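Right, one structure below, let's go through it.
Residue numbers (our numbering): 42 to 115.
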């Protein structure tokens, strides 16, 4: 499996957060901006039920590496 195909998706029905581990620079912005959702010591480490979709979109937008992205459900 190539690094590019190693993507993980987490959905709450409104949005899907896509995490690409091979791009992650571990800046910690996600945890600092929304620690209720991004919990690296837990499994799964992204728990969308702990915040609004808008708050998650805003936190993901602060990811400097592009390892986190949003797909809006239709």
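Glycine included, every Cβ here is placed at the ideal spot set by N, Cα and C.
Here the structure is a predicted model, which means the values were calculated and not measured.
Complete alpha helix (DSSP H) runs within the stretch 43–94 (minimum length 4 residues, chain order): Counting whole runs of 4 or more residues, the stretch 43–94 contains the alpha helix (DSSP H) stretches 70–74.
Under 8 Å Cβ to Cβ from residue 86, same chain only, skipping five residues before and after it: list those, please. Correct list, in chain order: 79, 80.
On a Cα-Cα basis, can you pick out the residue from 82, 48, 104, 57 that is closest to residue 94? 57
Neighbourhood of residue 104 by C-beta distance below 7 Å, restricted to the same chain and skipping five residues each side: Excluding its 5 nearest sequence neighbours in each direction, residue 104 has C-beta neighbours in its own chain below 7 Å: 70, 71, listed in chain order.
Starting from residue 106, follow the beta strand (DSSP E) in both directions and report where the run begins and ends. Counting along the chain, residue 106 falls outside any beta strand (DSSP E), and DSSP gives it neither H nor E.
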